[in-house]
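What follows is a single structure, written as structure tokens, with notes after it.
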Amino acid sequence: MRIDIITVLPELLESPLNHSIVKRAKEKNLVEINLINLRDFTNDKYKSVDDYAFGGGAGMVMLIEPVYKAIEKLKSERDYDEIIYTSPDGEVLTQRMANQLSMKDNIIILAGHYKGIDQRVRDHLITREISIGDYVLSGGEIPAAVITDAIVRLIPGAISDEQSALSDSFQDDLLAPPVFTRPSDFMGWKVPDILLSGHAAEIDKWRHEQSIERTKKLRPELFEDE
Ligand code: SAM
Numbered sequence: 027m028r029i030d031i032i033t034v035l036p037e038l039l040e041s042p043l044n045h046s047i048v049k050r051a052k053e054k055n056l057v058e059i060n061l062i063n064l065r066d067f068t069n070d071k072y073k074s075v076d077d078y079a080f081g082g083g084a085g086m087v088m089l090i091e092p093v094y095k096a097i098e099k100l101k102s103e104r105d106y107d108e109i110i111y112t113s114p115d116g117e118v119l120t121q122r123m124a125n126q127l128s129m130k131d132n133i134i135i136l137a138g139h140y141k142g143i144d145q146r147v148r149d150h151l152i153t154r155e156i157s158i159g160d161y162v163l164s165g166g167e168i169p170a171a172v173i174t175d176a177i178v179r180l181i182p183g184a185i186s187d188e189q190s191a192l193s194d195s196f197q198d199d200l201l202a203p204p205v206f207t208r209p210s211d212f213m214g215w216k217v218p219d220i221l222l223s224g225h226a227a228e229i230d231k232w233r234h235e236q237s238i239e240r241t242k243k244l245r246p247e248l249f250e251d252e
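Heads up: the sequence shown begins at 27 in this note's numbering, then just goes up one per residue.
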């Protein structure tokens, strides 16, 4: 899989995409992630990629021209399954969406900035808009990193024990059960006996019950959607 992220702040994405599971997935050639600096696609002598909004109002607007050039260059090299724009008013990212995106071959993620982007980019150049939640961040880089991380960890082989991704919260519309490790007794706070019993089937049953209980208590709407 290949993920190309178009951004005005590539430095902001370098660290989050160069550690842990994403780093290992890149090393195993399961994913190639490229950071494309939007400023490389402007002829402006100050490398500016924004301008004042027509009609006035506070905040600068990302220009369509450099975005168009960046996307056209990428599209001339390969076909893309999705061209995603990060936006607080897009569809909210879910595990189901991450699962679907993890099965694609080539994705572009366009990180927005400033007050927003020229609406014509959204109308004509992108295929999908994704929000990472109902709040406003300063730019689309952190959302792009979140979307990328959520996708990459689901690519088969990215996590050594594949079950580990499959048993995460939301994979089956249930929250994950609690987990414990050594010591089994920490100052009198004990691990549930069942987990020390060695009875695999009983442990699975307990975990499933815990998942149902936690989902009903913490996220009842997920349980009702099931
Ligand atoms: N004026 C815009 C609005 O009210 O929707 C917010 C602009 S925000 C300061 C700058 C950029 O950050 C957005 O264009 C978008 O690309 C990104 N962004 C901010 N919050 C986001 C979120 N919750 N999910 C995805 N992208 C977000």
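Quick reminder that beta carbons are idealized off the backbone N, C-alpha and C, glycines included.
For residue i, count the other beta carbons within 10 Å of its own beta carbon; 16 or more makes it buried, fewer makes it exposed. Which is it?
i, result
"phenylalanine 206", "exposed"
"aspartate 76", "buried"
"methionine 27", "buried"
The beta strand (DSSP E) spanning residue i covers which residue range?
i, result
"leucine 4", "With the chain covering only 27 through 252, there is no way to say anything about residue 4."
"tyrosine 78", "76–78"
Verify whether the separation of the beta carbon atoms of residue i and residue j is less than 8 Å.
i, j, result
"isoleucine 177", "alanine 124", "yes"
"glutamate 58", "glycine 116", "no"
"tyrosine 94", "leucine 151", "yes"
"aspartate 149", "leucine 89", "no"
"arginine 208", "alanine 191", "no"
"isoleucine 31", "leucine 39", "yes"
Between the Cα of residue i and the Cα atoms of the options, which residue gives the shortest distance?
i, options, result
"leucine 61", "Asp77, Glu53 and Leu43", "Leu43"
"isoleucine 97", "Gly166, Met27 and Thr153", "Thr153"
"valine 118", "Val147, Tyr72 and Ile173", "Ile173"
"leucine 100", "Ile185, Lys73, Leu38 and Leu64", "Leu64"
"glutamate 53", "Ala184, Tyr72 and Pro36", "Ala184"
Just reading off the alpha helix (DSSP H) that residue i is part of, what are its end residues?
i, result
"proline 169", "167–178"
"asparagine 125", "121–127"
Within the same chain, show all residues whose beta-carbon is closer than 8 Å to that of residue i, passing over the 5 residues directly before and after it, in chain order.
i, result
"serine 157", "Thr112, Ser113, Pro114, Asp115, Gly116, Glu117, Val118, Leu119 and Pro169"
"serine 195", "Gln121, Leu201 and Ala202"
"isoleucine 229", "Ile220, Leu221 and Ser223"
Using a beta-carbon distance below 8 Å, is residue i in contact with chain B?
i, result
"leucine 89", "In the structure shown, chain B does not exist; there is a single protein chain."
Beta-carbon within less than 7 Å of residue i's beta-carbon, same chain only, minus the 5 sequence neighbours each way: which residues are those?
i, result
"serine 237", "Leu200, Leu201, Ala202 and Pro203"
Excluding the five sequence neighbours on either side, which residues of its own chain have a C-beta within less than 6 Å of the C-beta of residue i, listed in chain order?
i, result
"isoleucine 29", "Ile59, Ile133 and Thr174"
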